[in-house]
Amino acid sequence: MTESRTTTETAGPRTGGHPPLLEVRGVTKSFGSGRRRLTALDGVDVRLGRGETLGLVGESGCGKSTLARVLLGLERPDAGTVRYDGVDPFALRGKELLNWRRRVQMVFQDPFASLNARMSAADLIGEPWRTHRDVVPDARAREKRIRELLSLVGLRESDAHRYPNEFSGGQRQRIGIARALALDPDLIVCDEPVSALDLSVQAQVLNVLSELQSRLGVAYVFISHDLSVVRYISDRVTVMYLGKVIEHGETEDVFDRPQHPYTAALMSAAPVLDASRAAHDQEIQLKGEIPSPFDIPSGCRFRTRCRHAEDKCATEAPPLVVRESEGDGDDHTALCHFPLEARPAWA
Amino acid sequence: MTTTSAPAPSAADPALDVEGLCVDLSTASGTVRAVDGVSFSVRRGRTLALLGESGCGKSMTALSVVGLLDPAASVTGGAVRVRGEDILRLSPAERRRLAGPVLSIVFQDALTALNPVQPVGRQIGEPFRIHRGLSRREAREKAIELMTRVGIPEPRQRAKSYPHQFSGGMRQRLLIAMAVALDPDVLIADEPTTALDVTVQAQIMRLLRDLQDERDMAVVLITHDLAVVAQRADDVVVMYAGTVVEQGTVREVFAAPRHPYTRGLLDSVPEDAERGQPLPAVPGSPPELSAVPSGCVFQDRCPLVRERCVRERPSLRATGDGRSAACHFSEELDRD
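For the protein sequence lines, the chains are A and B, in the order given.
With the first sequence counted from 1, adding 388 to any position gets you our numbering.
With the second sequence counted from 1, adding 143 to any position gets you our numbering.
Shown next, in the form of C-alpha cells:
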C-alpha cells in the first residue's frame with residue numbers, strides 16, 4: 389500500500405524524471421479588476437508526457453476551458469510558467485512562435501459550429517497549411533496528404549470534395565480531428581470532443597482518437613464532463629474545482645480511491661449503467677451549487693458544499709496530501725484537510 | 144381536483160396510453176415521417192424512459208402528447224389516452240384544460256422555457272390563477288410554497304427575481320415547480336438534466352423522484368443517456384429512426400437486449416471498457432428521416448442484417464415477459 393504524507397505545496401503532478409512534453413507550474417489567470425475580478429485559474433500545475441492522455445474533469449466554471457486556452461497560447465497567464473520541452477511559448481516571437489503553434493492543436497466540442505460550411509472537407513483539412521506554408525509545400529503532396537489524413541480518421545477519399553452539411557456529426561468530428569492532425573502536432577487539446585455526438589457515434593470517435601495516439605504518438609489533453617469517457621481514454625486525471633487542481637493522479641487511483649470529497653461526490657453523482665455498481669442509496673449528495681468565481685470561499689474553496697467541512701476548512705488553506713505512486717506513475721495528490729481513506733465507504 | 148368529465152380512473156389503468164402515434168414533418172424537400180407508429184403506456188408511480196439518439200423522434204413524441212408540436216409537424220395517426228379520453232380528438236381549448244392538472248412537461252432548457260420578463264413567482268403561480276381561479280395573492284403564496292418544496296433558498300424574496308438571476312440548476316427547479324403545481328397524473332421530462340453539471344444533475348434527479356413518490360405521478364423520461372435510464376426508469380422504450388425497436392423493463396432489456404441496436408448502444412458505453420482496447424462501436428450513423436430504409440430501419444448498421452431485413456420491416460413482436468422487439472433475428476442475440 390502507499391504511504392500518506394502531508395506537505396504544503398500546491399496540488400498537481402509531482403514526479404521528476406525525463407523532461408515532459410508539457411509542464412505547467414503555478415499558472416494563475418484572472419479577468420476583470422477590483423470587485424469584478426474573476427480568478428479563473430489559481431496556481432494550476434499540469435504535466436504531460438509524449439503520447440499520453442491527461443483527462444481534465446470538473447464542472448462548469450472550474451477553469452477547464454481557460455486552462456485549454458493557456459495551453460494553446462491564446463491566453464497569457466498572469467503568473468506561473470508553461471513549458472513545452474522546456475520552451476516557454478509566451479517568450480516566442482515571429483517565426484519561432486509560428487513554428488511552435490504547429491505543435492499544439494485543438495479539437496472543438498461542436499462539429500456543427502466549428503467547420504466553415506462553405507469549405508469542402510479537403511479545404512478544411514488543408515487550411516492550416518495556408519498559414520504554415522512549409523509543412524507540405526507542393527500541391528500534389530498536399531492532395532496526397534489530405535487523402536492520408538482522411539483515411540487516418542476513417543473517412544473515404546471521395547469525401548474530400550463534400551461539404552460539411554453532407555456529413556453526419558460523427559463524420560464532421562473526424563474532419564475536425566484530421567484538420568488538427570494536418571500540422572503533425574505533439575499535443576491536441578480536445579474540449580468535450582464527443583459530447584455533442586450521438587452515443588452510438590461517440591464510441592467510433594473515441595476509437596479514432598486512441599488509434600491515432602498509438603499510431604502517431606500524439607498526446608491529448610482531454611476535457612470532458614463524462615467520467616466514463618475520461619476513465620476510458622486517460623492515463624492520468626486532473627480534477628479541478630473553481631480554478632484549482634484539487635486532485636490529480638493515475639486514472640485508476642483517482643477513480644477507485646479518490647482522496648478529495650469533491651472527486652468522490654462527482655464519481656458517485658455520475659449515473660452508471662451497471663445497476664449492481666450503482667450505489668445510489670449511498671450516493672453522496674452535494675449541498676448547493678458551485679459558488680460564484682467572483683467570490684471564492686476562504687480556506688478550502690469546496691467547504692461550502694463539503695459534508696466533512698469543519699471550522700479549520702474556512703480559515704486555513706488545505707494542505708497537499710500525497711499518496712506516493714506504487715510504480716513509476718504520478719503520485720496521487722489532493723488538496724484537503726480531511727482526505728478520504730484509501731477505500732471509500734461506497735465502493 | 145379538475146373539471147374533467149371523464150370517469151374516474153382505476154389504479155390499474157395506465158395514466159398515459161399512446162397507441163400507434165404517427166407524426167409527419169413538412170420540410171423543404173417534402174413530407175417526412177418523424178414518428179412512425181409509436182405505442183407505449185405508463186401507470187401512476189412508474190417511470191418510463193423514451194431512449195434514443197437525436198432525431199429518433201423521442202422529443203417529437205413527447206411534444207405530440209402535450210400538444211406543443213411545431214406547426215411544421217402534425218399528428219397523422221394514433222391515439223393518446225389520458226383518463227380514458229383520446230386527447231388528440233379534443234379541441235385546443237379542451238386540451239388546455241388538461242395542461243397542468245393532468246399532463247405537464249419539464250423542458251431541457253429552462254432559460255428558454257421560462258418567461259424572461261416576468262418574475263418567477265408570478266410564472267409559478269400562474270397555473271393556480273388559470274385553473275383554480277385563485278387571486279394574485281393566493282397564487283403567490285402557492286408559488287412560494289412550491290419554491291420551498293423544490294429547494295429554492297429564501298423563496299419569498301426570490302419569487303420577485305427574474306429567470307436570468309438564477310443558476311441553471313435553480314431554473315430547472317423552478318420549471319419543475321411549475322410542472323407539478325397542479326398535481327398532474329403524468330409528468331413528461333424532456334432531457335431535464337442534460338444541460339446541467341453532474342452534481343446538480345444528481346440533485347435534480349433526486350428531486351424528481353421525491354416529487355413522483357409524493358404525488359404518485361407517472362413520469363415519462365426522455366433521454367439519450369443510458370446510465371440515467373438504468374438508474375431512474377422502470378420501463379424503457381428504445382426508439383430508432385422514428386420507430387420503437389425494443390421495449391420492456393429496464394432491468395430485462397439492459398441485461399439481455401433483444402434488438403441489435405439496443406445491444407450496440409449498451410456495448411458502446413465505455414464504462415467497463417479497458418483502456419487501450421477499442422470500444423465496440425455501432426458503425427455508421429442514424430439515417431436521415433428522408434432516407435429511412437424501407438425494410439428494417441436499422442439494416443445499414445446491423446451486424447445481423449440479412450436479405451429478409453432489406454425486404455420486410457420487422458414489426459414489434461412480443462418476446463415474452465411483457466417485452467417486445469422489432470427484429471427478425473432477435474433470438475440470435477440470446478446466444479452469446
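Virtual Cβ for every residue (Gly too), placed ideally from N, Cα, C.
Give me, in chain order, the residues of the same chain whose beta-carbon lies closer than 6 Å to that of residue i; leave out the 5 immediate sequence neighbours on both sides.
i	result
Arg530 of chain A	Gly514 and Val524
Gln701 of chain A	The sequence shown places Cys at residue 701 of chain A, not Gln. Closer than 6 Å at Cβ, skipping near neighbours: Gly687, Cys688, Arg691 and His725.
His520 of chain A	Arg490 and Leu571
Asp156 of chain B	none
Ser612 of chain A	Glu580 and Val618
Gly631 of chain A	Thr427, Ala428, Leu429, Asp430 and Gly451
Val379 of chain B	Ala192, Leu194, Val372, Val393 and Val396
Go through its chain and collect everything with a Cβ distance to residue i's Cβ below 7 Å, but skip five positions before and after it.
i	result
Ile267 of chain B	Ala286, Leu289, Met290, Leu317, Ala320, Met321 and Ala324
Arg619 of chain A	Thr639 and Phe643
Ser428 of chain B	none
Asp547 of chain A	Ala509 and Leu538
Gln251 of chain B	Asp333, Glu334, Pro335, Thr337 and Ala338
Ser202 of chain B	Asp333 and Ile365
Leu254 of chain B	Pro306 and Arg314
Pro446 of chain B	Pro403
Ser102 of chain B	In the structure as shown, chain B begins at 144 and stops at 479. Residue 102 of chain B is therefore absent and cannot be evaluated.
Counting only Cβ pairs nearer than 7 Å, list the residues of chain B close to residue i.
i	result
Tyr620 of chain A	Pro413, Ala416 and Arg418
Pro407 of chain A	The contacting residues do not exist; Pro407 of chain A stays about 25 Å from chain B at best.
Ala653 of chain A	Thr342
In chain A, which residues lie less than 7 Å from residue i when you measure between Cβ atoms?
i	result
Arg349 of chain B	Gln673
Asp252 of chain B	By Cβ distance, chain A contributes nothing, its closest Cβ being about 15 Å from Asp252 of chain B, past 7 Å.
Glu196 of chain B	Asp586, Leu587 and Ser588
Leu422 of chain B	Ala591, Leu594 and Asn595
Gly407 of chain B	Ser588
Name the DSSP bridge partner or partners of residue i?
i	result
Cys578 of chain A	A:Val495 and A:Phe610
Met628 of chain A	A:Val633
Val475 of chain A	A:Tyr472
His720 of chain A	A:Arg711
Thr174 of chain B	B:Ser169
How far does the alpha helix (DSSP H) with residue i in it reach, from first residue to last?
i	result
Arg691 of chain A	Taken as a continuous stretch (DSSP letters only), Arg691 of chain A belongs to no alpha helix (DSSP H), as it is neither H nor E.
Thr255 of chain B	Ala253 to Ala256
Cys701 of chain A	Asp699 to Thr703
Thr392 of chain B	That residue, Thr392 of chain B, is in no alpha helix (DSSP H); its beta strand (DSSP E) goes Thr386 to Thr392.
Cys452 of chain B	Glu450 to Arg454
Ile287 of chain B	Arg279 to Arg292
Asp443 of chain B	Here Asp443 of chain B belongs to no alpha helix (DSSP H), and DSSP marks it neither H nor E.
Val435 of chain B	Run containing Val435 of chain B: none; DSSP gives neither H nor E here.
Arg316 of chain B	Gly311 to Val323
Cβ closer than 9 Å: which chain A residues qualify as neighbours of residue i?
i	result
Val249 of chain B	Per Cβ cutoff of 9 Å: no residues; Val249 of chain B is ~18 Å from chain A at best.
Gln344 of chain B	Ala657, Ala658 and Pro659
Tell me which residue opens and which closes the beta strand (DSSP E) that residue i is part of.
i	result
Lys303 of chain B	Neither: Lys303 of chain B is in no beta strand (DSSP E) and is coded neither H nor E.
Val709 of chain A	Leu708 to Arg711
Tyr404 of chain B	Careful: Tyr404 of chain B lies outside any beta strand (DSSP E), inside the alpha helix (DSSP H) at Pro403 to Asp410.
His725 of chain A	Counting along the chain, His725 of chain A falls outside any beta strand (DSSP E), and DSSP gives it neither H nor E.
Tyr383 of chain B	Asp378 to Tyr383
Leu194 of chain B	Thr190 to Leu194
Leu597 of chain A	First-last for Leu597 of chain A: Leu587 to Leu604, but that is the alpha helix (DSSP H), not the beta strand (DSSP E).
Thr366 of chain B	Ala361 to Thr366
Along chain A, in chain order, which residues have C-beta atoms closer than 8 Å to that of residue i?
i	result
Glu288 of chain B	Result: empty, since nearest Cβ-Cβ is about 21 Å, beyond 8 Å.
For residue i, I'd like the list of residues in its chain whose CB is within less than 8 Å of its CB, leaving aside the five on either flank, ordered along the chain.
i	result
Leu350 of chain B	Val293, Gly294, Arg316 and Ile319
Val475 of chain A	Trp488
What in chain B is Cβ-close to residue i, meaning under 9 Å?
i	result
Gly558 of chain A	Gly427 and Ser428
His613 of chain A	Asp340 and Val341
Glu712 of chain A	The premise fails here: Glu712 of chain A is roughly 22 Å from chain B at the closest Cβ pair, so nothing lies under 9 Å.
Ser546 of chain A	What Ser546 of chain A touches in chain B: nothing, since even the nearest Cβ is about 16 Å away.
Glu677 of chain A	Ser310, Gly311, Gly312, Met313, Asp340, Thr342, Val343 and Gln346
Starting from the beta carbon of residue i, find every residue of chain B whose beta carbon is closer than 8 Å, and list them in chain order.
i	result
Val617 of chain A	Pro413
Asp662 of chain A	Ala373, Glu414 and Asp415
Problem set entry | Proximal residues, the segment 297-322 of chain B versus chain A, C-beta separation under 7 Å | Ser310 and Gly312
Problem set entry | Interface positions of the segment 360-373 of chain B facing chain A (Cβ-Cβ less than 8 Å), listed along the chain | His367, Asp368, Leu369, Ala370, Val371 and Ala373
For this session: Identify each residue in the segment 573-595 of chain A for which the Cβ-Cβ distance to at least one residue of chain B is less than 8 Å, and report them in chain order.
Result: Asp586, Leu587, Ser588, Val589, Gln590, Ala591, Gln592, Leu594 and Asn595
Exercise. Going along the segment 444-458 of chain A in order, which residues come within less than 7 Å of chain B, judged by CB to CB distance?
Worked result: Glu447 and Ser448
For this session: Using a Cβ-Cβ cut-off of less than 7 Å, give me the residues of the segment 425-454 of chain B that come near chain A, in sequence order.
Result: Val425, Ser428 and Pro429
For this session: Give the residues from the segment 421-439 of chain A that approach chain B closer than 9 Å (Cβ to any Cβ), ordered along the chain.
Result: none
Exercise. Any residues in the segment 372-403 of chain B with a beta carbon nearer than 8 Å to a beta carbon of chain A? Which ones, in chain order?
Worked result: Ala373, Gln374, Arg375, Arg394 and Phe397
For this session: Please list the residues of the segment 497-508 of chain A that have a C-beta atom closer than 7 Å to any C-beta atom in chain B, keeping them in chain order.
Result: none
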